[in-house]
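Numbering (our numbering), first residue to last: 44 to 222. Just so it is clear, CB atoms sit at the ideal spot from N, CA and C, and this is done for glycine as well. A short worksheet on the structure shown next.
Structural data, given as structure tokens:
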């Protein structure tokens, strides 16, 4: 691979303003893309439909690496009742930390170190020992790393378009992209 091509691909990996770059597939989940476009053009690992409290949704999942080797499962949901979207505005990432993590808080500390190494220090951090989060903000897009260590605990990373980001930007980047 030539140096110019490698530099262009490296830039695509961290360009969250235009969506999420899936490194193994060498494809971008571009903001504004529809469920049908993602299913047709990205070869997801899983596509399913669900209905919760009378609201139907489509779930699409990719197992991949993002942001220079951050292994995770990327999941999007269209429709539904919680954060409904009809065009891509958020991606839920489930990180795959190094084996042996003892708690969800340990996973958060690990992922914050990983993300800080890629994006610099977070804009905000909160951790009270039971729940915590760190957030990075760029050009109308946020990365939120959070955990809850209570009943039905979780650790997840959310990549999402901020509410105040102009929709005209989404229309320009609505097509799938290879870079």
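Span of the alpha helix (DSSP H), counted from its first residue to its last, around residue i
| i | result |
| --- | --- |
| residue 155 | 147–162 |
| residue 79 | 78–84 |
Range of the contiguous beta strand (DSSP E) that encloses residue i
| i | result |
| --- | --- |
| residue 62 | 62–65 |
| residue 115 | 113–122 |
| residue 87 | It is not in any beta strand (DSSP E) - residue 87 carries neither H nor E in the DSSP assignment. |
| residue 107 | 98–109 |
| residue 178 | 174–181 |
| residue 71 | 70–73 |
| residue 185 | 184–191 |
| residue 138 | 133–138 |
| residue 203 | 197–204 |
| residue 168 | 167–170 |
Cβ pair residue i, residue j closer than 8 Å
| i | j | result |
| --- | --- | --- |
| residue 65 | residue 105 | yes |
| residue 132 | residue 200 | no |
| residue 100 | residue 75 | no |
| residue 107 | residue 139 | no |
| residue 228 | residue 192 | Since the first residue shown for the chain is 44 and the last is 222, residue 228 is missing from the structure and cannot be characterised. |
| residue 202 | residue 134 | yes |
Cutoff 8 Å: residue i Cβ touching any chain E Cβ
| i | result |
| --- | --- |
| residue 84 | In the displayed structure, chain E is absent; only one protein chain is listed. |
Residue i classed as buried or exposed, judged by whether at least 16 other C-beta atoms fall within 10 angstroms
| i | result |
| --- | --- |
| residue 46 | Legend: pLDDT at residue 46 = 43, less than 50; position of this residue unreliable, value from coordinates given subsequently. Residue 46 is exposed by the Cβ-count criterion. |
| residue 213 | Its pLDDT being 37, under 50, residue 213 is placed unreliably in this model, and the coordinates cannot settle the point. |
| residue 194 | exposed |
| residue 169 | exposed |
| residue 211 | For residue 211, the predicted structure reports a pLDDT of 38, less than 50, and the residue's modelled location is therefore unreliable. The matter cannot be settled from this model. |
| residue 190 | buried |
Quick check: the region 82–99 against the region 53–63, are there 3 or more CB pairs under 8 Å? By the Cβ test, the region 82–99 is not in contact with the region 53–63, since fewer than three Cβ pairs between them sit closer than 8 Å.
Would you be able to state if there are at least three C-beta pairs under 8 Å between the region 148–159 and the region 173–193? Output reads yes: the region 148–159 touches the region 173–193.
Give a yes or no on contact between the region 160–167 and the region 75–83, applying the rule of three or more CB pairs nearer than 8 Å. Verdict: no, contact absent.
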